[in-house]
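To start, the structure itself, in C-alpha cells.
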Amino acid sequence: MDTDATSDRPIRILVADDHPALRHGVAAMIGYEGDMVVCAEAATGRMAVEEFLRTCPDLVLMDLQMPDMGGAEAIRLIRKHDPDARIIVLTTYSGDMHARMALSAGAIGYLLKGAIREELIATLRAAFGGHRRVTPSVATQMAQHFSDETLTPREIAVLQGISEGIGNRAIAEQLGISAGTVKDHVSNILDKLGAHNRAHAVSIAIKRGILSGDDIKPD
Numbered sequence: 027m028d029t030d031a032t033s034d035r036p037i038r039i040l041v042a043d044d045h046p047a048l049r050h051g052v053a054a055m056i057g058y059e060g061d062m063v064v065c066a067e068a069a070t071g072r073m074a075v076e077e078f079l080r081t082c083p084d085l086v087l088m089d090l091q092m093p094d095m096g097g098a099e100a101i102r103l104i105r106k107h108d109p110d111a112r113i114i115v116l117t118t119y120s121g122d123m124h125a126r127m128a129l130s131a132g133a134i135g136y137l138l139k140g141a142i143r144e145e146l147i148a149t150l151r152a153a154f155g156g157h158r159r160v161t162p163s164v165a166t167q168m169a170q171h172f173s174d175e176t177l178t179p180r181e182i183a184v185l186q187g188i189s190e191g192i193g194n195r196a197i198a199e200q201l202g203i204s205a206g207t208v209k210d211h212v213s214n215i216l217d218k219l220g221a222h223n224r225a226h227a228v229s230i231a232i233k234r235g236i237l238s239g240d241d242i243k244p245d
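The numbers in the sequence shown follow the working numbering, run straight up by one, and end at 245.
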C-alpha cells in the first residue's frame with residue numbers, strides 16, 4: 027500500500043454502510059478534502075469485500091452491523107486477501123467488547139458515528155499513516171475494563187438465557203448442565219461484571235457489547 031505523502035494521487039476510500047444517507051454524508055465530508063476521494067460504496071458486508079477486491083482502496087470505513095455479513099467478518103476476509111489493508115470501523119456501538127472484537131479482526135481504527143463531524147478526517151489521516159486511532163470515549167472504556175476477568179463461552183451462554191427471560195432450570199436443560207451449575211455460573215457472571223442482580227448483568231453486557239441488544243426479548 028502506497029502511503030507516500032508526496033504523491034499527487036488522492037487517498038482512495040471505500041465506505042461500507044447499509045444506510046445510504048450515512049454513506050452520502052460521509053462522502054460529502056470527504057469531498058471537501060482536496061487529497062481524499064470516495065472510490066466506492068457498499069451496502070452489505072459481502073459487497074464491501076467485493077468492492078475492496080475490485081477497487082483496492084487505501085482505506086475502508088466499515089460498519090459493524092450490516093446485511094448478509096457482519097463488519098467483523100468482512101474485515102477478516104479483506105485482511106485475508108490483503109494483510110496490509112487499513113480498515114476503520116464506523117459504528118454506533120460504543121461497548122469496549124465491540125471495539126476489542128473489531129480490532130482483533132484487524133481494524134486499525136474505531137470511530138463512533140456520533141463523532142463523525144469532529145473525528146472523521148483526523149481518523150482517516152491517522153489510519154492512512156498507519157496509526158491506530160480509537161474514539162476517546164471507547165478507548166477509556168477499554169482501559170477501564172482492560173484487567174477485568176472475561177466471561178467464558180459457557181457463562182455468556184447462560185447470560186444469553188437470562189436475557190431471554192428464562193430461569194435457571196430451563197437454561198440448564200437448554201445447555202445440558204445441572205441447575206446447580208447454572209446457579210454457580212450466574213454467581214460468577216455477577217461477580218465478573220460487578221452487577222447487583224441478573225437484570226443489571228444483562229444491562230452491563232449489552233452496554234459493553236458482550237450481548238447484542240437485538241436479541242433481547244421484551245417483557
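C-beta atoms are modelled at their ideal positions from N, C-alpha and C, and glycine is treated no differently.
Euclidean distance between Cα positions of residue i and residue j
i    : j    : result
I242 : R35  : With a pLDDT of only 36 at I242, under 50, the local geometry of the prediction cannot be trusted, and the value read off the model is given with reservation. C-alpha separation (whole angstroms): 47 Å.
I134 : D84  : 12 Å
I247 : I56  : There is simply no residue 247 to check, as the chain begins at 27 and stops at 245 in what is shown.
A153 : I37  : 11 Å
H107 : R80  : 12 Å
G132 : A227 : 29 Å
D28  : V160 : Unreliable positioning characterises D28 in this predicted model, as indicated by a pLDDT of 47, which lies under 50. A coordinate reading is not provided.
S158 : A128 : Ser is not the amino acid found at residue 158; the sequence shown has Arg there. Computed Cα separation, rounded: 12 Å.
K233 : V86  : 26 Å
L137 : S204 : 42 Å
L219 : S189 : 15 Å
E175 : L90  : 25 Å
T149 : Q170 : 22 Å
D122 : A165 : 8 Å
H211 : A47  : 44 Å
A231 : H50  : 33 Å
L116 : A141 : 10 Å
I104 : V64  : 18 Å
R151 : N223 : 44 Å
Residue i - containing alpha helix (DSSP H), residue span
i    : result
T149 : I142 to F154
L237 : No alpha helix (DSSP H) holds L237; DSSP gives it neither H nor E.
N194 : N194 to L201
L48  : P46 to G57
Per-residue DSSP class, three states only, for residue i
i    : result
M73  : helix
M95  : coil
S189 : helix
H226 : helix
S213 : helix
A221 : coil
P109 : coil
H171 : coil
L103 : helix
A231 : helix
S130 : helix
T178 : coil
G261 : Given a span of 27 to 245 for the chain in the structure shown, any question on residue 261 remains unanswerable.
Bounding residues of the beta strand (DSSP E) (the contiguous stretch that carries residue i)
i    : result
G135 : G135 to L138
I37  : I37 to A42
DSSP bridge partner residues for residue i (one or two, in chain order)
i    : result
L87  : V41 and I114
E67  : V41
E159 : First, the residue type needs correcting, since residue 159 is Arg and not Glu in the sequence shown. Paired residue(s): G135.
M62  : I37
Among the options, nearest to residue i - alpha-carbon criterion
i    : options                  : result
M92  : D110, A68, H107 and A183 : A68
D94  : G71, R105, P109 and V164 : G71
A198 : E190, T207 and G191      : T207
L185 : L201, D61, D174 and F172 : L201
R143 : G121, R180, Y58 and I104 : Y58
A74  : T117, G97, I215 and G235 : G97
L40  : L48, A47, F78 and G60    : F78
N194 : S213, P179 and T178      : S213
P109 : H222, L177, C82 and S120 : C82
T118 : A100, D44, G60 and G191  : D44
Any chain E beta carbon closer than 8 Å to residue i
i    : result
A221 : Structure shown: chain E not included; a single protein chain is present.
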